[in-house]
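Peer 1: If you use the UniProt record's numbering, the sequence shown corresponds to residues 1 to 293, in order. For each residue, glycine too, the CB sits at the ideal point set by N, CA and C.
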Amino acid sequence: MRKLKYRAENSPQAWLFLLPALIVIGIFNVLPLIKTFIMSFQKGTLNNLTLNGFKNYEIVLKDPKFHTALGNTAIFAFVVVPVGLIISMFIAITIYERIKHKDIFETIFFIPYLTSVIAVGIVFRFLLNGEYGFINYILGLFNVGPINFLDDPNMSMITLVIFGIWSGLAFNIIILLSGLRNIDKSYYKVADMFGATKIEQFFRITLPQMIPIITFLLMVNFISAFKVYAQVFAIFNGKAGIADSATTAVFYIFNKFYVENRYGQGMAAAVILFGLILIFTLIQNRILKRLSK
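Here's what the structure looks like:
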């Protein structure tokens, strides 16, 4: 007789164990996504929605505020993610190679990840205050400033980028450290025998071995950066900077839905953002796969 290979997806018991998780995912992830897509073609109040065709998409795509929001989101993503990853790599390698009590420093660097973004934003508002902030005090020692980080429209995105880089370091460092521990140390011993410098070891051993981890962090961080909202809300005290100078795509969606009560337009903007994130993620994964070969 021909033996049948076991396949988990054909097992009723497997589906039974997965059922609770599938129900939760369906209710809190799939259904809202479907509802968002349907509402993007409607207008009116939540209790009386009527079909509006592609009108919402036309309005959103022609809205200068949406263009500004997408531009600010792109600036945030393409500055914060690579710069944050480079700084995180430097700190992770320093902790791994040069610091004795690694566990203590790992805990210190991981604490911000466990702290509320709103709480951290309050601290940053005090640090960056134009009149009595500690950052301006330090800059004053070098005869620089004071710089109005919070109330100058020209500084809003710079302030948001600084906050975004700092708030993302903790997660990156912990993940990178776990990757560094999994690299076989014998590679470095052989490299030392042949007289390879630390820089050569980094680019020829460490970096190639860390490509899967870096790929994962790039994907997660870019998706998170395109959905940035909490950092804006926290650092500018519930606003998007002076004259909405730091408004992002998600902040635009929030204002359309909850402030202006234009539910259809808000959901149309959400669908457009979802599409852009999906396209960028697919392109990024394809590029990274080619580079890793």
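Hey, L176 and I213 are a contact pair by Cβ (cut 8 Å); roughly how many whole angstroms apart?
Peer 2: Within the sequence shown, residue 176 is the residue found at index 176, counting from 1. Within the sequence shown, residue 213 is the residue found at index 213, counting from 1. Contact holds; Cβ gap of about 6 Å.
Peer 1: Would DSSP call N255 helix, strand or coil?
Peer 2: Here the question's residue 255 lines up with position 255 in the sequence shown. Reduced to three states, the DSSP call for N255 is helix.
Peer 1: Report, in whole angstroms, the separation of the C-beta atoms of F37 and V271, which I expect to be a contact under 8 Å.
Peer 2: The residue given as residue 37 occupies position 37 in the sequence shown. The residue given as residue 271 occupies position 271 in the sequence shown. Yes, F37 and V271 are in contact; Cβ-Cβ is about 6 Å, under 8 Å.
Peer 1: Can you list, in chain order, the residues of its chain whose CB lies under 7 Å from that of F78, leaving out five sequence neighbours each side?
Peer 2: Against the sequence shown, residue 78 aligns to sequence position 78. Contacts found: none.
Peer 1: Thinking Q265 and N47 are a contact (beta carbons under 8 Å), I'd like their distance in whole angstroms, please.
Peer 2: Locating residue 265 in the sequence shown gives position 265, counting from the first residue. Locating residue 47 in the sequence shown gives position 47, counting from the first residue. Between N47 and Q265 the Cβ distance is about 18 Å, and since that is not below 8 Å, they are no contact.
Peer 1: If you compare alpha carbons, which of A268, L18, Y132, Y252 is closest to L70?
Peer 2: Position 70 of the sequence shown, counting from 1, holds the residue named residue 70. Of the listed residues, the one whose Cα sits closest to L70 is Y252.
Peer 1: According to the neighbour-count rule (16 or more other Cβ atoms, all chains shown, within 10 Å of its Cβ), is I25 buried or exposed?
Peer 2: Locating residue 25 in the sequence shown gives position 25, counting from the first residue. By the neighbour-count rule (16 or more Cβ atoms within 10 Å), I25 is not buried but exposed.
Peer 1: Can you give the Cα-Cα distance for A249 and G164, rounded to whole angstroms?
Peer 2: For this step, residue 249 is matched to residue 249 along the sequence shown. For this step, residue 164 is matched to residue 164 along the sequence shown. Cα to Cα, the separation comes out at about 15 Å.
Peer 1: Per DSSP, what kind of secondary structure is E164 in: helix, strand or coil?
Peer 2: The residue labelled residue 164 in the question sits at position 164 within the sequence shown. Correcting the residue type first, residue 164 is Gly in the shown sequence and not Glu. Correct three-state label for G164: helix.
Peer 1: If I measure Cβ to Cβ from L160 and keep anything under 7 Å in the same chain, skipping five residues before and after, which residues do I get?
Peer 2: In the sequence shown, the residue the question calls residue 160 occupies position 160. F76, Q231, V232, I235, A246.
Peer 1: Can you have a look at I95 and say buried or exposed, based on whether 16 or more other CB atoms are within 10 angstroms of its CB?
Peer 2: Locating residue 95 in the sequence shown gives position 95, counting from the first residue. Under this definition I95 is a buried residue.
Peer 1: Throw me the rounded Cβ distance for the G168 and L150 pair, which I believe falls under 8 Å.
Peer 2: Along the sequence shown, one-based indexing puts residue 168 at 168. Along the sequence shown, one-based indexing puts residue 150 at 150. Contact flag wrong, Cβ pair sits at about 20 Å.
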